[in-house]
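Novice: Each residue of the sequence shown is one higher than the last, beginning at 27 in the working numbering.
The C-beta atom is built at its ideal place from N, Cα and C for all residues, glycine as well.
Computed from a predicted model, the values in this text were never measured in an experiment.
Got a structure here, written out as structure tokens. Questions coming.
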Amino acid sequence: MPGASWGGIRFGNHALWQPKAASMSNHDGCPLLQRLVFTYTGHIIFTASSRMRASQLFLPTLKETPAEAELVSHQLLLRGGFIRRLASGLYTWLPLGLLVLRRVEAVVREEMERAGAQEILMPVVQPAELWQESGRWEMYGPELLRLKDRHQRDFCLGPTHEEVISDLARRELRSYRQLPINLYQIQTKFRDEIRPRFGLMRAREFLMKDAYSFHIDQASLQETYQAMYDAYSRVFARLGLEFRAVDADTGAIGGKASHEFHVLADSGEDAIVHCSACDYAANQELARSAPDPQSSAAPLPAERASTPGIRSVEAQAKQLGITPGQVVKTLLVMADDTPHLLLLRGDDELNLIKATHALDAQSLRLATAEETQDLLGIPFGFIGPKDLPVPVPILADHRALALHNFSTGANVVDEHWLNLNWERDLPRPPAADLRNVQAGDACPHCATGVLGIRRGIEVGHVFQLGTRYSEKLGVKVLNEAGKDQIVLMGCYGIGVSRIVAAAVEQNFDERGICWPAALAPFDVGIVAIQAKKSPAVLAAAAAMTAQLEAQGLRVLLDDRDERPGVQFATLDLIGLPHRLVISDKTLAQGVWEYRARRESDSRLLSEAEVVALLLGERA
Ligand code: ATP
Ligand code: MG
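Structure follows, in structure tokens:
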């Protein structure tokens with residue numbers, strides 16, 4: 027059908043886009059199946075024909091695994107020709123990668139609109155004054171890339187947009203009647219990460235969806251927070267990802283309620299604690315466990331033991347013939363430069379975030395050997411809570427306080443205590459939760475469950491900010507009583523580009539990526555074997571492409587002049603969910619060879635069966 031007439035896109039009586047006649051047919055005279063999808067948000071997704079033909083697609087695949095890439099997603103996205111590195115933490119999206127990114131965006135957009143959020147687009151470059159008003163110009167540290175304009179005025183590249191949106195809100199919102207309002211954008215962020223790594227996973231420049239909501243009261247904030255939580259759950263479910271929503275620490279942004287959404291994958295940077303029986307799930311930074319039952323061991327007489335050169339808990343336990351769980355270890359920490367002693371059971375690990383909160387500190391670190399020696403006059407390894415040479419405030423973890431007949435340092439070089447008991451031998455210090463939960467602990471929510479730990483990749487985060495920014499920047503409206511009232515805010519982020527990498531971490535095999543259906547750059551790959559030598563094979567493949575595209579499927583036709591093995595390897599590497607093969611032989615038999623990406627065997631199907639199967643899959 028060379029020269030097919032086609033009217034472009036019309037909206038009412040307006041011609042929005044008129045294609046040039048010359049661009050309507052491609053080199054071999056096949057109809058050019060321009061695919062234009064007009065979404066309800068008014069976005070036009072346009073896929074040019076060159077993308078459908080592998081011979082014309084810019085698809086620079088690599089045979090070898092690039093040495094720079096440690097993580098499988100990074101390796102496969104480079105090898106499959108999805109992305110290319112420009113510099114540390116900076117990536118170019120190649121055609122195939124951009125198709126995947128756009129699919130993530132489309133799902134995110136749909137769910138944001140469904141949740142009542144409205145799309146805007148804010149600048150990347152932000153004036154320093156706003157960050158000075160919020161107090162973050164000082165606080166944010168070197169992750170904030172700062173720059174000056176030609177007038178020597180300070181700016182930064184936006185790592186997030188609380189300041190900018192608050193500025194918009196304080197200028198435009200006047201009355202409680204305009205609330206609640208929820209505004210979002212899908213926009214490039216820049217964070218000068220201390221360790222950019224794993225490709226898209228921790229980049230310096232990355233694509234984020236960030237939304238900000240404004241409310242007159244907590245009930246309204248809670249309602250929108252829940253709507254966004256539900257929208258996030260739908261986004262990750264629709265993308266076909268295995269995920270968990272977990273209670274999260276609010277970290278630097280500040281605020282109250284917060285949940286992180288994690289895609290579960292062994293390579294994840296975060297430890298996610300979850301219950302085997304109920305839906306309790308929390309970031310390790312915050313996770314709790316049920317208290318240990320109090321033991322009723324009979325108190326033994328306290329003894330001092332000689333422990334020359336023994337400094338670690340393990341060595342101490344071994345030397346004294348006890349388990350690390352019978353040791354109370356004493357850690358000297360500096361909380362905002364004030365010394366504190368923290369007590370933990372010997373087999374527990376200190377959770378710095380919990381300790382920071384428990385001490386109401388901004389920062390917390392372990393004291394150095396020199397600081398310990400200077401303050402207490404005793405080296406590391408021999409400190410203990412009994413008979414401290416200098417008074418230092420003490421805080422003890424619940425599990426350390428549940429012990430009987432425990433061992434500690436004796437505040438004397440080369441000596442430890444054995445069989446100490448709280449109250450009898452030393453006062454019981456204030457209690458706090460200071461430890462990392464361990465796999466096998468009892469669930470704090472239900473009576474029956476046991477906690478397990480899995481690795482997760484954070485792909486989304488919802489916060490109730492409260493008045494953290496609105497107070498600093500003066501975002502207020504007239505309330506029902508006609509009085510000025512500071513508004514409450516929520517903020518909601520999704521790592522749009524990180525999702526692309528996280529999806530690969532969950533979906534790959536030894537041959538390459540296995541995209542979930544909702545994320546694949548194309549739904550189907552059609553391999554025309556020896557297309558150059560056999561016009562009939564190419565024509566059949568092109569006709570099938572046209573037929574499937576007419577049904578709304580995204581098809582990549584591999585018409586390259588390559589050996590079949592190379593064609594198959596490429597399709598496996600780039601992870602399209604379905605593969606159809608046509609050759610002189612199958613064409614003569616009137617069948618197609620079909621294989622799903624995750625299956626190892628192919629099947630022979632008639633044309634009608636192929637179409638029914640692929641359309642059925644889509645439904
Ligand atoms: P992380 O703990 O991974 O540094 P964050 O807490 O700094 O994340 P937020 O400020 O909540 O992240 O940003 C919202 C989302 O943006 C995150 O959930 C994550 O998916 C994504 N994101 C954050 N930093 C990066 C990055 N350097 N590269 C890619 N995506 C990122
Ligand atoms: Mg971060």
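Between the Cα of A381 and the Cα atoms of E231, D236, L367 and F84, which residue gives the shortest distance?
Specialist: For this step, residue 381 is matched to residue 355 along the sequence shown. It is L367.
Novice: Is F84 helix, strand or coil when you go by DSSP?
Specialist: Working through the sequence shown from its first residue, we reach residue 84 at position 58. The answer is coil: DSSP assigns F84 none of H, G, I, E or B.
Novice: For the beta strand (DSSP E) containing H471, name the first residue and the last one.
Specialist: Walking along the sequence shown from the start, residue 471 turns up at place 445. That residue, H471, is in no beta strand (DSSP E); it is neither H nor E in DSSP.
Novice: Spatial neighbours of V130 within its chain, please: C-beta separation below 6 angstroms, excluding the five flanking residues on both sides.
Specialist: As a first step, residue 130 is located in the sequence shown; it is residue number 104 there, counting from the start. So the list reads V522 and I525, once near-sequence residues are dropped.
Novice: For the beta strand (DSSP E) containing E231, list its first residue and its last residue.
Specialist: Stepping through the sequence shown from its first residue, residue 231 is reached at position 205. Taken as a continuous stretch (DSSP letters only), the beta strand (DSSP E) holding E231 covers E231 to H241.
Novice: Using the three-state DSSP reduction, which class does G648 fall into: helix, strand or coil?
Specialist: Past the edges of the chain, shown from 27 to 645, lies residue 648, and the structure says nothing about it.
Novice: Could you give the C-beta distance for V261 and I520, rounded to a whole number, given that I count them as a contact under 8 angstroms?
Specialist: For the purposes of this step, residue 261 is identified with residue 235 of the sequence shown, where counting begins at 1. For the purposes of this step, residue 520 is identified with residue 494 of the sequence shown, where counting begins at 1. Right, the Cβ-Cβ distance comes to about 7 angstroms (below 8 angstroms), so this counts as a contact.
Novice: Could you tell me whether the region 473-491 touches the region 286-301, using the rule of 3 or more Cβ pairs below 8 angstroms?
Specialist: Result yes; three or more Cβ-Cβ pairs closer than 8 angstroms.
Novice: Quick one: what's got a C-beta closer than 7 angstroms to L125's C-beta in the same chain, skipping five residues either side?
Specialist: The residue given as residue 125 occupies position 99 in the sequence shown. The residues are P547.
Novice: Does the distance between the C-beta of R524 and the nearest non-hydrogen atom of ligand 1 fall short of 6 angstroms?
Specialist: As a first step, residue 524 is located in the sequence shown; it is residue number 498 there, counting from the start. Yes, Cβ of R524 sits closer than 6 angstroms to a heavy atom of ligand 1.
Novice: When the Cβ atoms of the region 302-315 are set against those of the region 535-549, are three or more pairs found closer than 8 angstroms?
Specialist: Judged by Cβ distances under 8 angstroms, the region 302-315 makes no contact with the region 535-549, as fewer than three pairs qualify.
Novice: So, with DSSP's three-state summary, where would you put F287?
Specialist: Position 261 of the sequence shown, counted from the first residue, corresponds to residue 287. F287: strand per DSSP, three-state reduction.
Novice: Please name the residue, chosen from F108, F84, L514 and L112, that lies closest to L599 on a Cα-to-Cα basis.
Specialist: Position 573 of the sequence shown, counted from the first residue, corresponds to residue 599. The residue with the shortest Cα to Cα distance from L599 is F108.
Novice: Give the C-beta separation of L263 and Y117 to the nearest angstrom, bearing in mind that I take them to be a contact with Cβ-Cβ under 8 angstroms.
Specialist: Here residue 263 corresponds to residue number 237 of the sequence shown, with the count starting at 1. Here residue 117 corresponds to residue number 91 of the sequence shown, with the count starting at 1. First, the residue type needs correcting, since residue 263 is Ala and not Leu in the sequence shown. Wrong, their Cβ atoms sit about 27 angstroms apart, outside the cutoff.
Novice: If you follow the beta strand (DSSP E) that I600 is part of, which residue opens it and which one closes it?
Specialist: Along the sequence shown, read from residue 1 onward, the residue named residue 600 stands at position 574. Counting along the chain, I600 falls outside any beta strand (DSSP E), though it belongs to the alpha helix (DSSP H) covering P590 to I600.
Novice: Quick check: the Cα distance between E188 and C517, rounded to an integer number of angstroms?
Specialist: Mapped onto the sequence shown, residue 188 falls at position 162. Mapped onto the sequence shown, residue 517 falls at position 491. The straight-line gap from Cα to Cα measures roughly 8 angstroms.
Novice: Which residue marks the beginning of the alpha helix (DSSP H) containing A422, and which one marks its end?
Specialist: Locating residue 422 in the sequence shown gives position 396, counting from the first residue. Run containing A422: none in the alpha helix (DSSP H); it sits in the beta strand (DSSP E), I420 to D423.
Novice: Less than 6 angstroms between the CB of F232 and some heavy atom of ligand 1, yes or no?
Specialist: Position 206 of the sequence shown, counting from 1, holds the residue named residue 232. True, at least one ligand heavy atom lies under 6 angstroms from that Cβ.
Novice: How far does the beta strand (DSSP E) with E329 in it extend, from its first residue to its last?
Specialist: The sequence position of residue 329 within the sequence shown is 303, counting from 1. Its beta strand (DSSP E) spans residues E329 to S332.
Novice: Would you kindly work out how many angstroms separate the C-alpha atoms of P206 and P542, rounded to a whole number?
Specialist: Residue mapping note: residue 206 aligns to position 180 of the sequence shown, counting from 1. Residue mapping note: residue 542 aligns to position 516 of the sequence shown, counting from 1. Straight-line Cα distance between these residues: approximately 35 angstroms.
Novice: Relative to ligand 1, is the shortest distance from any of its heavy atoms to the C-beta of G347 smaller than 6 angstroms?
Specialist: Looking up residue 347 in the sequence shown gives position 321. Checking every heavy atom of ligand 1 against the Cβ of G347, none is found closer than 6 angstroms.
Novice: Using 8 angstroms for Cβ pairs, my map puts G531 next to V133. What's the rounded Cβ distance?
Specialist: As a position in the sequence shown, residue 531 is number 505, starting the count at 1. As a position in the sequence shown, residue 133 is number 107, starting the count at 1. Strictly speaking, residue 531 in this sequence is Glu, with Gly absent from that position. In fact, because the Cβ distance is near 18 angstroms, the residues do not count as touching under 8 angstroms.
Novice: Compute the Euclidean distance between the alpha carbons of E449 and D423, then round it to the nearest angstrom.
Specialist: Counting from 1 along the sequence shown, the entry for residue 449 is found at position 423. Counting from 1 along the sequence shown, the entry for residue 423 is found at position 397. So the alpha carbons of these two residues sit roughly 16 angstroms apart.
Novice: Using 8 angstroms as the Cβ pair cut-off and three pairs as the minimum, do the region 386-395 and the region 357-365 touch?
Specialist: Judged by Cβ distances under 8 angstroms, the region 386-395 makes contact with the region 357-365, as three or more pairs qualify.
Novice: On the three-pair Cβ rule with 8 angstroms, is the region 573-584 touching the region 622-640?
Specialist: As far as the Cβ criterion goes, the region 573-584 touches the region 622-640, which means the pair count is three or higher.
Novice: Using the Cα positions of V553 and R605, report the straight-line distance between them to the nearest angstrom.
Specialist: Position 527 of the sequence shown, counted from the first residue, corresponds to residue 553. Position 579 of the sequence shown, counted from the first residue, corresponds to residue 605. Between V553 and R605, the C-alpha separation is close to 7 angstroms.
Novice: R454: buried (16+ other C-beta within 10 angstroms of its C-beta) or exposed?
Specialist: Walking along the sequence shown from the start, residue 454 turns up at place 428. So R454 counts as exposed.
Novice: Compare the C-alpha of I379 against each of A291, D243, N462 and A331 and name the closest.
Specialist: Mapped onto the sequence shown, residue 379 falls at position 353. Out of A291, D243, N462 and A331, N462 has the C-alpha closest to the C-alpha of I379.
Novice: Express the C-alpha separation of A154 and G184 in angstroms, rounding to a whole number.
Specialist: Numbered from its first residue, the sequence shown carries residue 184 at position 158. Numbered from its first residue, the sequence shown carries residue 154 at position 128. Taking the straight line from one Cα to the other gives about 10 angstroms.
Novice: For D467 and Q252, I'd like the C-alpha separation in whole angstroms.
Specialist: For the purposes of this step, residue 467 is identified with residue 441 of the sequence shown, where counting begins at 1. For the purposes of this step, residue 252 is identified with residue 226 of the sequence shown, where counting begins at 1. Going by the C-alpha atoms only, they are around 29 angstroms apart.
Novice: For my contact list, A316 and C469 are in at a C-beta cut-off of 8 angstroms; report their separation, rounded to the angstrom.
Specialist: In the sequence shown, the residue the question calls residue 316 occupies position 290. In the sequence shown, the residue the question calls residue 469 occupies position 443. Yes, they are in contact, since the Cβ atoms of A316 and C469 sit about 6 angstroms apart, within 8 angstroms.
Novice: Give me the DSSP bridge partner(s) of S433.
Specialist: Reading the sequence shown from its first residue, position 407 is the one you call residue 433. DSSP, once it has assigned bridges, lists V353 as partnering S433.
Novice: What does the Cβ neighbour count give for H100, buried or exposed, with the cut at 16 atoms within 10 Å?
Specialist: The sequence position of residue 100 within the sequence shown is 74, counting from 1. With 16 or more other Cβ atoms within 10 Å, it is buried.
Novice: Rounded to a whole number of angstroms, what is the C-alpha to C-alpha distance between G277 and H487?
Specialist: Mapped onto the sequence shown, residue 277 falls at position 251. Mapped onto the sequence shown, residue 487 falls at position 461. Since pLDDT at G277 reaches only 48, below the 50 mark, its modelled position is unreliable, and the value read off the structure follows with that caveat. Roughly 11 angstroms separates the two Cα atoms.
Novice: Compare the beta carbon distance of L247 and Q490 with 7 angstroms and say whether it is the shorter of the two.
Specialist: Here the question's residue 247 lines up with position 221 in the sequence shown. Here the question's residue 490 lines up with position 464 in the sequence shown. Cβ atoms of L247 and Q490: closer than 7 angstroms.
Novice: According to DSSP, is S626 helix, strand or coil?
Specialist: If you number the sequence shown from 1, residue 626 lands on position 600. Coil at S626, not helix or strand.
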